[in-house]
Structures are given as structure tokens and as C-alpha cells.
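Novice: Take a look at this one; I'll ask things after.
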Amino acid sequence: MTDIRSLVPEWVRTLTPYSPGMPIEELERELGIRGSIKLASNENPLGPSPRALAAVAAALPDLHRYPDGACFHLTRRLAARHRVAAEEILVGNGSNELLELVVRSFLRPGDEAVMADQAFVIYRLVVQAAAGVPRVVPLRDFTHDLEAMARAVSARTRIVFLGNPNNPTGTIFRRAAWEAFLATMPGHVIVVADDAYAEYVEDRDYPDTIAARGDGSVPVVTLRTFSKLYGLAGLRVGYAVAPAPLIEVLGRVRQPFSVNALAQVAACAALDDEEHVRRTLATNRAGMTYLTEAFGRLGVEYVPSAANFVLVRVGEGARVYEGLLRRGVIVRPMDVYGFPAHVRVTVGLPGENARFVEALAGVLGGGKR
26 MTDIRSLVPE WVRTLTPYSP GMPIEELERE LGIRGSIKLA SNENPLGPSP
76 RALAAVAAAL PDLHRYPDGA CFHLTRRLAA RHRVAAEEIL VGNGSNELLE
126 LVVRSFLRPG DEAVMADQAF VIYRLVVQAA AGVPRVVPLR DFTHDLEAMA
176 RAVSARTRIV FLGNPNNPTG TIFRRAAWEA FLATMPGHVI VVADDAYAEY
226 VEDRDYPDTI AARGDGSVPV VTLRTFSKLY GLAGLRVGYA VAPAPLIEVL
276 GRVRQPFSVN ALAQVAACAA LDDEEHVRRT LATNRAGMTY LTEAFGRLGV
326 EYVPSAANFV LVRVGEGARV YEGLLRRGVI VRPMDVYGFP AHVRVTVGLP
376 GENARFVEAL AGVLGGGKR
């Protein structure tokens, strides 16, 4: 039989697959424990909006029908919310699909994409999968170094990825830095503003990247998701906001029916539930305060975060991660992001936050950090 590996292009053969966070069921099965908590994937601890759940239940009898391939109702709801034309919105199977669509549409083999070294790992993965070349720029003080990223742009650069807040650090760049960065971009570059955690940000100088989509000569694609604030991670729905000609190109390479019917009705209903959004933000704000105060008492360093997670310096990240697992607490190890001394923890419910702090104190046990 032919060696399958000999048929695989080099740029695929060298890919390192994305490793998702460990599911609770897997942890409990492996360790023979029960009652574990997961604070690893930056999910909404309150779960979906009750309105979204009701909408999903009402849509179940029609699952034998294909979904609306154009996401007509959701697209128009989002256009009205952001005060843009419907032609400037594209709904996708999570923002991950939209990242891939941008790369497939605009990156040729050998083209470059600029990104922070310690940013969402999917940026690098989708570029490499398309035979592109990632040009990575180190963070500065755990934040995107926009000046250095601008200098990294060359004649071969086609895309720049910016996560704001950045995952996994939770840091943001502000309006003045954003505007200065855009002013340096040449017209052959598309700027992807990954604003997955934008709704959590309270800083008044946080830039409105959607407003920049048609300004000047640089195309800007803003990505948003329903997986975080709206608690619909299991349904996979996100969207892009960009100039209409760019959205039209993305639509050419998008697979039909990529956003399922339940995701569409749940997202529409979630947009209506402002009370659930308020509860989510209040829960996150209180939880973040609790965690950061606890880190202070424990003498643990952390990166101040504008999102719903915190990057925590614990010394031996892998050891602490494993120790927390044995105590039934799942967080995210950071080796793959280049932070081997850290773990990332999602802000949970009050009881979950308290349990994490207790478990962390037990694992650290006064050891060197």
C-alpha cells in the first residue's frame, strides 16, 4: 500500500493539530472522579440565554430541513445592531471558519501573514494549512506590539491578525495605537481584527474596529463570536463585518449550509436577551475581582485582563495543570502559547472560582513560583 505520508503536501505534514481543552467527561473517566469543573475554554459559566434554549427547542421539529444558507434573519439582525449594510455581514460556523475563509480567499502559497507570537494559535494553523508563511512578532509587556508588527509587513504580506483582547493574555491595544497602526498599512494587506472578547471590555479607549472597515485604503475584517458572551460555543456561530466586496469574496469559498438551523435561531434569540448579557457581565466582573484579589493574597503574578480569563504565572505550568486536574479543576496549560510558566483560567461562577483558588493554593503549597 502507498505510504499515505508521501502524498501529503509538506505544509500539511508539518502541521501541529490544535489541541482543544480537556472535556470534563474525559477527565473524570481517566481519573475516576466526579464533580469536576472546567475553567479552561473561556466559556460563559451561566450557559446560554433561556431565550436561546427556548428557540432551539421550538426549532427541533424542523431538523429534517436544511438551514437557511444565507442566514437571512441573523444577518439582518446583526446589520441593524452594528448599523452596517447586510451585505457587510457574513455569518460563519464560529469565527474559526471565518478565519479560514479569509486565508483561503486571499493567501497564495508563499504569501506571508503577520501575527503576534503569543496569540490565538489558530491564526498560525490556518496560514500554514494554506501553504502560507506566518511571520510572528513577540508581544511587548504581554500586549500586541503594533509598531513592531507594522515593521514586519513586507511586499509579500497579505494578512495581519490582531486579537483584541488578545488570547491568551487578555490584554488590549487602544484606539490611538490602532489608528496609528492602520495609517501605516499598505493597500495590499487585509487587517483581521479578532474581537471575540470585545463585549467584556470596559476600557473607553477600546477601538471600534467595525467603524474602520471602509476607512482609507486598508480593508478591515472584524470577527465576532456567539461562543463567549452569549454562551453558544456548542452551536458554533460567529460573524464577520467587512466591506461588501470583501464579504462577497468570502462567500464564494464558504461551504453551503455551514451554519446550522439551531445556531441561527439561538443566536437571534440571544441578541434579544439583554438581561442575560447584563448578568453575564456582572458575573464576570465580580469573578475577576475575586480571582485577582486571591492571586494577590497567594503572591501569584497575573496579567491584568480585559476579557473573561486570566493568565497566571505559577512557575511550573505543566505541574500545576496536572495538580489541578487531580483536584478536579480543568484550566488551560500554556506551553503551546510559549508561556510554560503560566496557566490560563476562565472566570467561573462564584463557587467554581473559590474551588479553583483553594485547589491552586493546595498545588502551589508555598513552592517556588
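With my numbering, you'll find the sequence shown wraps up at 394, consecutive numbering, no jumps. Ideal Cβ placement from N, Cα and C applies to all residues, glycine included.
For T247 versus R261, is the C-beta spacing smaller than 8 Å?
Specialist: Counting from one through the sequence shown, the residue named residue 247 turns up at place 222. Counting from one through the sequence shown, the residue named residue 261 turns up at place 236. Cβ atoms of T247 and R261: not closer than 8 Å.
Novice: Which residues does DSSP list as the beta-bridge partners of G263?
Specialist: Position 238 of the sequence shown, counting from 1, holds the residue named residue 263. According to DSSP, which records beta bridges pairwise, G263 is partnered with G117, T250.
Novice: How many angstroms separate the CA atom of F334 from the CA atom of G387?
Specialist: For the purposes of this step, residue 334 is taken as residue 309 along the sequence shown, with counting starting at 1. For the purposes of this step, residue 387 is taken as residue 362 along the sequence shown, with counting starting at 1. Roughly 21 Å between the two C-alpha positions.
Novice: Which residues in the same chain as F251 place their Cβ atom closer than 7 Å to its Cβ, once the five residues preceding and following it in sequence are excluded?
Specialist: Numbered from its first residue, the sequence shown carries residue 251 at position 226. Within the same chain, F251 has close Cβ partners L257, V262, G263, A292, A295.
Novice: So the candidates are L389, L350, V382; which of them puts its Cα closest to the Cα of E50?
Specialist: Reading the sequence shown from its first residue, position 25 is the one you call residue 50. It is L350.
Novice: Can you give the Cα-Cα distance for D166 and S283, rounded to whole angstroms?
Specialist: Here residue 166 is taken as the residue at index 141 of the sequence shown, counted from 1. Here residue 283 is taken as the residue at index 258 of the sequence shown, counted from 1. Distance between the alpha carbons of D166 and S283 is about 38 Å.
Novice: Per DSSP, what kind of secondary structure is A218 in: helix, strand or coil?
Specialist: Position 193 of the sequence shown, counting from 1, holds the residue named residue 218. When secondary structure is reduced to three states using DSSP, A218 falls in the strand class.
Novice: Could you give the C-beta distance for I58 and F131, rounded to a whole number, given that I count them as a contact under 8 Å?
Specialist: The count along the sequence shown starts at 1 and reaches residue 58 at position 33. The count along the sequence shown starts at 1 and reaches residue 131 at position 106. That pair is no contact at about 47 Å.
Novice: Anyone know if the C-beta pair for R338 and Y346 falls short of 8 Å?
Specialist: Here the question's residue 338 lines up with position 313 in the sequence shown. Here the question's residue 346 lines up with position 321 in the sequence shown. No Cβ-Cβ contact shorter than 8 Å links R338 with Y346.
Novice: Could I get the ranges of all uninterrupted beta strand (DSSP E) runs contained in the segment 290-348, with 3 residues as the minimum, in chain order?
Specialist: Listed in chain order, they are 334-338.
Novice: Taking F206 as the reference, which of D220, F186, E172 has the closest Cα?
Specialist: Stepping through the sequence shown from its first residue, residue 206 is reached at position 181. Nearest option by C-alpha distance: E172.
Novice: Output the distance between the C-alpha atoms of C96 and D87, rounded to the nearest integer angstrom.
Specialist: To locate residue 96, count along the sequence shown from 1; it is residue 71. To locate residue 87, count along the sequence shown from 1; it is residue 62. In a straight line, the C-alpha of C96 is about 16 Å away from that of D87.
Novice: Please name the residue or residues paired with E187 in a DSSP beta bridge.
Specialist: The sequence position of residue 187 within the sequence shown is 162, counting from 1. The sequence given here places Leu at residue 187; Glu does not occur at that position. Looking at the DSSP assignment, L187 forms a beta bridge with A218.
Novice: For G353, which residues in the same chain have their Cβ closer than 7 Å to its Cβ, ignoring the five residues on either side in sequence?
Specialist: In the sequence shown, the residue the question calls residue 353 occupies position 328. So the qualifying residues of the chain are I58, G60, S61, I62.
Novice: Would you list the one or two residues that DSSP bridges to P232?
Specialist: By one-based count along the sequence shown, residue 232 stands at place 207. Its beta-bridge partners do not exist; DSSP assigns none.
Novice: What are the residues that DSSP puts in a beta bridge with R102?
Specialist: Translated into the one-based positions of the sequence shown, residue 102 becomes position 77. R102 is not bridged to any residue.
Novice: Please return the same chain residues whose Cβ sits closer than 7 Å to the Cβ of T10, not counting the five positions on each side in sequence.
Specialist: Outside the shown range of the chain (26 to 394) lies residue 10, about which nothing can therefore be said.
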